[in-house]
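The structure under discussion appears below in the form of C-alpha cells.
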Amino acid sequence: MLYLWERPEVFQFLSVLLLCSGILGLIYRRTLLGMLISVELIMNGAGLNLVVANRFFQTAGVDGQVFTLFVMGVAASEVAIALGIVLLLFKRTKKIEAEGLKELKG
Amino acid sequence: MSLGEVIFVVICLVVALGALGAVLSNSLIYAVFFLLLTMGGIGGLYIYLKTPFLAMMQILIYLGAVGVLLIFAVMLAGPFWRRPKERGPFLKGVAGLGVSLLSFILFWRVLRHHPWEVGPQGEVSTSRIGRAILDRYPFAFELISLLIVASILGAIMLGVLSRQGPPKAEED
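Those sequence lines, one after another, are chains A and B.
FYI, my numbering numbers position 55 of the first sequence as 55, with every residue one higher than the one before it.
FYI, my numbering numbers position 137 of the second sequence as 137, with every residue one higher than the one before it.
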C-alpha cells in the first residue's frame, strides 16, 4: 500500500487544476492584476509538474528541479516588469481594467 | 490514516481551494492572499516530494518576493475596496464549464491513457542541483541572470517614465 504522496496522480491532478484555474482566470478577470495572478498560478502548476515528472518518472537526474528553478526566475522577473507596466498604466489612465487600453502601441 | 497523510490531504485541499479562490474571489486583495496560500501549499508539496531546496526557494521567491510585489501593486493601483468590473454571469458560467471540461479531458487522456512508469526513487541532494546547473545548463543559467538584469533596468525605466507624467498628445 503506497502512501498518498508516493502516487504521482495526486500531484499531477493538482498541477492540472492549477493550470486550468489559471486559464479560467485569464478568461474571467478583467483587470490586469487579476490576469497577472492567474499567470502566476499557471507557472506554479508548471513547476509542480516538472518536479513531479523528475521525482517519479526520471529519477536519474535532477533536470526537472533545475528547470523549476528557471521557471521561478522567469516568473520573478516577469512579475517585476508587469507590475511596472500596470502601475504606469494606472497612473496614466486611472483605471485597472484591461479594456480601453488602446494606446499601448509604439 | 497516519498524521503525515492527514497533513498531506490538508495541504492538497489548501492548494486546490486557494487556486479556486485566487481566480473566483471578487476583491483583488483577497485573490492575492489566496494566491499566497496556494504558493505556500505548493512549498509543502515540494517537501513531500523530497525536494527541500525547492520548497525553500518556493517560499523565498514566490511568497517573499512575488507575493510582496503583488500586494504592493494592488495597494498602489487604487483603493482595494473598490470592486473592479466583472463579467456577466452567463460568460462566467460558460468559461467555468469550458475550463472544467478541458481540465477533465486533459487529466483523463494524459494521465489515464498513458502507461506512466514509476521509476525507483533516489535521494536528491542540493549539491547535485548546483552541479547540474553549472555543468549541463550554464548557458540557460547565464541567460536567466541576464533576463533578471534586463527586467530590473526595465522596471527602473518604467518608474522614471511614470514620474514624468503623461506625455503630450501627438499631433495627427
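For glycine and all other residues, C-beta sits at the position ideal for the given N, C-alpha and C.
On a predicted model such as this, the values are computed, not experimentally measured, just so you know.
What distance in whole Å lies between the Cβ atoms of S21(A) and L48(A), which are believed to be in contact at a cut-off of 8 Å? Walking along the first sequence from the start, residue 48(A) turns up at place 48. Walking along the first sequence from the start, residue 21(A) turns up at place 21. Not confirmed; about 13 Å, so no contact.
If we ignore side chains and look at the alpha-carbon of each, how far apart do V68(B) and V10(B) end up? Counted from its first residue, the second sequence places residue 68(B) at position 68. Counted from its first residue, the second sequence places residue 10(B) at position 10. So the alpha carbons of these two residues sit roughly 25 Å apart.
Taking the Cβ atom as the reference point for each residue, do L17(A) and S103(B) lie within a distance shorter than 8 Å? Numbered from its first residue, the first sequence carries residue 17(A) at position 17. Numbered from its first residue, the second sequence carries residue 103(B) at position 103. Yes, Cβ-Cβ distance for L17(A) and S103(B) is below 8 Å.
Could one say the Cβ of A75(A) lies closer than 8 Å to chain B's Cβ atoms, at least one of them? Against the first sequence, residue 75(A) aligns to sequence position 75. For A75(A), the answer is yes, since a Cβ of chain B falls inside 8 Å of its Cβ.
DSSP three-state label for V66(A), please. Within the first sequence, residue 66(A) is the residue found at index 66, counting from 1. Of the three classes helix, strand and coil, the one that applies to V66(A) here is helix, per DSSP.
Taking all protein chains shown into account, decide if Q58(A) is buried (16 or more other Cβ within 10 angstroms of its Cβ) or exposed. Counted from its first residue, the first sequence places residue 58(A) at position 58. So Q58(A) counts as exposed.
Using a Cβ-Cβ distance under 8 Å, would N49(A) count as near chain B? As a first step, residue 49(A) must be located in the first sequence, where it is residue number 49. Not an interface residue.
Near-chain A residues of the segment 153 to 164 of chain B (beta-carbon distance less than 7 Å), N- to C-terminal order: Result list: G154, A155, L158, G159, L161, S162.
Euclidean distance between Cα positions of A65(B) and V66(A): Along the second sequence, one-based indexing puts residue 65(B) at 65. Along the first sequence, one-based indexing puts residue 66(A) at 66. Distance between the alpha carbons of A65(B) and V66(A): 19 Å.
T59(A) - DSSP class collapsed to helix/strand/coil: On the first sequence, position 59 is the one that residue 59(A) refers to. In the three-state reduction of the DSSP assignment, T59(A) falls in the coil class.
Measuring straight from C-alpha to C-alpha, what distance separates G88(B) and V94(B)? Working through the second sequence from its first residue, we reach residue 88(B) at position 88. Working through the second sequence from its first residue, we reach residue 94(B) at position 94. The straight-line gap from Cα to Cα measures roughly 10 Å.
Helix, strand or coil for T31(A) per DSSP? Translated into positions along the first sequence, residue 31(A) becomes position 31. If DSSP states are grouped into helix, strand and coil, T31(A) belongs with the strands.
Mind reading off the beta-carbon distance from G119(B) to F56(A)? Whole number of angstroms is fine, and I expect it under 8 Å. Your numbering for residue 119(B) matches position 119 in the second sequence. Your numbering for residue 56(A) matches position 56 in the first sequence. Going by Cβ atoms, the distance from G119(B) to F56(A) rounds to 7 Å, so yes, they are a contact pair.
Going by other Cβ atoms of all chains shown within 10 Å of its Cβ, with 16 needed for buried, is D172(B) buried or exposed? Residue 172(B) sits at position 172 when you count from the first residue of the second sequence. Because D172(B) sits at a pLDDT of 46, beneath the cut-off of 50, its placement in the model cannot be relied upon, and the following sentence gives the value as read from the coordinates. Counting Cβ neighbours within 10 Å, D172(B) comes out exposed, since fewer than 16 surround it.
Proximal chain A residues relative to R109(B), where beta-carbon distance stays under 8 Å: The residue you call residue 109(B) lines up with position 109 of the second sequence. Those do not exist, as R109(B) stays about 11 Å from chain A at its closest Cβ, beyond 8 Å.
If you run the structure through DSSP and keep just helix, strand and coil, what is N44(A)? Position 44 of the first sequence, counted from the first residue, corresponds to residue 44(A). In the structure shown, N44(A) falls within a helical segment according to DSSP collapsed to helix, strand and coil.
Which residues mark the beginning and the end of the alpha helix (DSSP H) in which Q164(B) is found? Your numbering for residue 164(B) matches position 164 in the second sequence. Segment 138 to 164, the alpha helix (DSSP H) holding Q164(B).
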